[in-house]
Amino acid sequence: MGITLSASARALLDGRNYAVLATLNADGSPQTSTMWVGRDGDDLLFSTVEGRLKHRNMVRDPRVSVTVIDAANGENYVELRGRASIAPDADLAVGHLLSHKYDGKDHEPAGPGQVRVAVRVEVDKATGYGA
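Read in order, the letters of the sequence shown correspond to residues 93 to 223 in my numbering.
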């Protein structure tokens with residue numbers, strides 16, 4: 093069971109703030125991706141395409157770190173660490189949720205041969221000013 097997020101961490105996640113996902117490459121080196129992020133209770137939600145490097149990294153090693161930076165004040169941030177679980181997002185439920193939050197419209201359909209997946213991260217640790 094994950095931790096309960098603080099009100100300030102929830103506010104950062106609920107705002108239109110971008111996040112940086114860190115995963116581990118096969119050789120142990122870090123890989124980062126800027127992304128949209130949301131939450132469901134105290135779990136993080138985001139979407140990606142099956143087969144991308146971040147997806148392959150999370151399948152191999154589900155440990156991740158997500159840093160959310162306040163768009164209005166870069167010194168206000170929260171780093172959230174936990175384990176990712178991945179499920180199909182065939183109806184684009186997570187994709188649409190995040191696209192409406194950041195762009196105000198439905199998510200574009202997956203391209204030919206692409207499979208969108210939803211990622212849920214159960215948070216084990218929170219650090220930073222927004223923690």
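Heads up, the beta-carbon is just placed ideally off N, CA and C, and yes, glycines get one too. In this text the structure is predicted, and so the values were computed from the model without any measurement.
Cβ separation of residue i and residue j, assumed to be a contact under 8 Å, to the nearest whole Å
i, j, result
"LEU113", "VAL170", "About 14 Å separates the two Cβ atoms, so there is no contact after all."
"SER139", "VAL209", "7 Å"
Top-ranked residue by Cα proximity to residue i, from the options
i, options, result
"VAL213", "VAL207, GLN206, MET150, GLU167", "MET150"
"VAL129", "ASP162, ALA118, ARG144", "ASP162"
"VAL123", "ASP132, VAL215, ARG144, SER100", "The amino acid occupying residue 123 in the given sequence is Gln; Val does not appear at that position. Looking at the Cα atoms, ARG144 is the closest of the given residues."
"HIS237", "GLY205, GLY107, LEU97, ARG208", "Beyond the ends of the chain as shown, which are 93 and 223, falls residue 237; an answer cannot be given."
"VAL207", "GLU142, THR219, ASP134, TYR194", "GLU142"
"HIS188", "PRO204, ARG152, LEU137, GLY205", "LEU137"
"ASN117", "ASN109, THR219, SER139, ARG152", "ARG152"
Under 7 Å between C-beta atoms of residue i and residue j
i, j, result
"LYS146", "THR126", "no"
"TYR221", "ASN168", "yes"
"VAL211", "ILE95", "no"
"GLY99", "VAL160", "A quick correction: the sequence has Ala, not Gly, at residue 99. No, they are not a contact pair."
"ALA223", "ALA101", "yes"
"LYS217", "ARG173", "yes"
"ASP134", "LEU190", "no"
Would you say the region 152-159 touches the region 184-194, given that touching needs at least three Cβ pairs under 8 Å? no
Is the region 188-203 in contact with the region 171-179, if contact means three or more CB pairs nearer than 8 Å? no
Hey, which unbroken runs of the beta strand (DSSP E) at 3 residues or more fall wholly within the region 108-158? 111-116, 122-127, 130-132, 135-141
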